[in-house]
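Everything below concerns the one structure shown next.
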Amino acid sequence: MTPQDDQCIFLDELARRWRQSPDRIVELAVNGALPLWIGFTEVSGQKAARKAPGPRKNKAKPTAMTRYDRIEVRPDLEVLRQILGRCDRILIVAELACQDATGAPMVLTNSVGEEWGETSMIGLKPAALFARPEDARKFEQKNKIVPHTIHIKSNNPANPDEHTPLAAPHREHPCFAPELHAALACWQALFADATSPTLAGADIRAWLQRHYPDFSRAAMERIALVVTPSRNNRR
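Following the working numbering, the numbering of the sequence shown begins with -10 at its first residue and continues without gaps.
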């Protein structure tokens, strides 16, 4: 699953942004208040059957199975209901009911074909669900939500109690830096509410692997170095 990091706000980031639980975010999607998407790679998809032209008695004509190197879809409400209350578990299904970017219903599968006599299951990780930035902003405006931001202590000796809001960089900015964005998102996920640096570098890399699998190993190491808290507040 590899959605573009400049086109998505992942489930845990939404939960932090609105100070809600991941289950509450999924519930919003179930109620139709917020579209949630998920990306898959190397899967097969089949659009809903189309009615063949002619008399009504003609049966619907199934569409051909298409192989996708990468696709982003919206899981059906029934799929989201199965996730609700189980956001820490992977949902495994033979076929995933969803909608494509045009809203057309379809199913995704890892099936290698009946002629091979075997079917691979497809897994949905709730943590990989995401909202598009424009949808998140519309939801915030409609519900008058002020996104949660973290604050860093000022280095201004004249006002040591001054705090500066630290917000996520805008993806539309011409100087947007993907690694900086990933580092900030990772820090917010793992350390924003921590009272002590109990997590190790392996936890940081695991988080990056889960949310930014397209990043190279070198990029993840750079980000992990930046995100890892300093034990003595110095570098």
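By construction, the Cβ of each residue, glycine as well, lies at the ideal position given by its N, Cα and C atoms. Owing to the predicted nature of the structure, the values given are computational and were not obtained by experimental measurement.
Of all the options the options, which has the alpha carbon lying nearest to the alpha carbon of residue i?
i, options, result
"Glu31", "Cys164, Arg56 and Pro136", "Arg56"
"Thr98", "Arg59, Ala120 and Ile212", "Arg59"
"Gln(-4)", "Gly28, Val96 and Leu169", "Gly28"
"Leu69", "Pro122, Arg13 and Gly92", "Arg13"
"Lys127", "Ala22, Ala213 and Glu16", "Ala22"
Ignore the nearest five residues each way along the sequence and tell me which others in residue i's own chain have a CB closer than 8 Å to its CB.
i, result
"Gln71", "Leu80"
"Arg211", "Glu168"
Per DSSP, what kind of secondary structure is residue i in: helix, strand or coil?
i, result
"Asp1", "helix"
"Asp124", "helix"
"Glu61", "strand"
"Gln177", "helix"
"Pro238", "The displayed coordinates of the chain run from -10 to 224. Any statement about residue 238 would go beyond what the structure contains."
"Gly31", "Note that residue 31 corresponds to Glu in the displayed sequence, not to Gly. Note: Glu31 maps to strand in three-state DSSP."
How big is the Cα-Cα spacing for residue i and residue j?
i, j, result
"Glu67", "Ala189", "37 Å"
"Leu3", "Ala172", "16 Å"
"Arg206", "Asp77", "25 Å"
"Leu0", "Ile134", "17 Å"
"Met95", "Leu113", "16 Å"
"Ser219", "Ala174", "18 Å"
"Pro115", "Gln130", "25 Å"
Who are the Cβ neighbours of residue i in its own chain at under 7 Å, not counting the five residues just before and after it?
i, result
"Ala208", "Glu168"
"Gly74", "Asp12"
Cβ atoms of residue j and residue i: under 9 Å apart, would you say?
i, j, result
"Trp26", "Val62", "yes"
"Leu195", "Arg5", "Checking the sequence, you will find Ala at residue 195 rather than Leu. Result no, Cβ atoms of Ala195 and Arg5 do not sit closer than 9 Å."
"His200", "Ala117", "yes"
"Arg121", "Pro24", "yes"
May I ask whether a heavy atom of the ligand ATP can be found less than 8 Å away from the beta carbon of residue i?
i, result
"Gly92", "Ligands displayed in this structure: none; no statement on the ligand ATP is therefore possible."
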